[in-house]
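Heads up, the thing below is written out as structure tokens.
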Amino acid sequence: MNNIDTTIQHITPAGGNLFAELGFAPEEAQRYHAESQKQIDTTLMLKEQLIAELGSWIESKQLKQAEAAAILHISRPRVSDVVNKKTNKFTIDTLISLLGRVDKPVTIHIG
Numbered sequence: 161m162n163n164i165d166t167t168i169q170h171i172t173p174a175g176g177n178l179f180a181e182l183g184f185a186p187e188e189a190q191r192y193h194a195e196s197q198k199q200i201d202t203t204l205m206l207k208e209q210l211i212a213e214l215g216s217w218i219e220s221k222q223l224k225q226a227e228a229a230a231i232l233h234i235s236r237p238r239v240s241d242v243v244n245k246k247t248n249k250f251t252i253d254t255l256i257s258l259l260g261r262v263d264k265p266v267t268i269h270i271g
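With our numbering as the guide, the letters of the sequence shown map in order to residues 161 to 271.
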């Protein structure tokens with residue numbers, strides 16, 4: 161049986177500038193780095209809002225995790241991830257879908 165290495169390995173130090181390491185000019189690398197960090201922060205903020213709403217729904221209904229899992233059509237460990245706000249385990253579209261399953265449609269305003 162082959163063992164697959166699934167550990168995360170950082171060649172660029174966490175918080176480092178990947179664009180600088182790829183050889184972009186310093187000013188360009190800094191600009192790209194700032195832009196990508198802004199996108200990451202925006203995505204994280206949105207995921208935090210969505211997961212908080214889903215967690216609040218579970219709490220307001222006083223559901224046990226197994227009960228919430230049955231309603232949401234996900235596993236109990238996935239409900240635990242919601243309750244513990246593990247945003248890194250969900251995509252935005254998954255969180256929107258889960259909210260839709262409990263009649264909490266998500267409306268997006270652009271601008």
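Just so it is clear, CB atoms sit at the ideal spot from N, CA and C, and this is done for glycine as well.
{"query": "L259 versus G183: straight-line alpha-carbon distance, rounded", "result": "43 Å"}
{"query": "Cβ shell of A228 (< 6 Å), same chain only, five flanking positions each side left out", "result": "I218 and V239"}
{"query": "Assigned exposure category for L204 - 16 Cβ within 10 Å defines buried", "result": "exposed"}
{"query": "Contact test: L178 Cβ vs the ligand GDP heavy atom, cutoff 7 Å", "result": "This structure lacks the ligand GDP, and indeed carries no ligand of any kind."}
{"query": "Per-residue burial, T202 [other beta carbons within 10 Å of its own, 16 or more giving buried]", "result": "exposed"}
{"query": "Where the alpha helix (DSSP H) containing V243 begins and where it ends", "result": "R236 to V243"}
{"query": "Continuous alpha helix (DSSP H) stretch holding L258: start and end", "result": "I252 to R261"}
{"query": "For H233 and H226, the rounded distance between their alpha carbons", "result": "Before going further, note that residue 226 is Ala rather than His in the sequence given. Spanning the two alpha carbons is a distance of roughly 10 Å."}
{"query": "When L223, Q209 and A230 are compared against F121, the one with the closest alpha-carbon", "result": "Not covered by the structure: residue 121. The range shown for the chain is 161 to 271."}
{"query": "Straight-line Cα distance separating A185 from P173", "result": "19 Å"}
{"query": "Simplified DSSP assignment, three categories, for A185", "result": "coil"}
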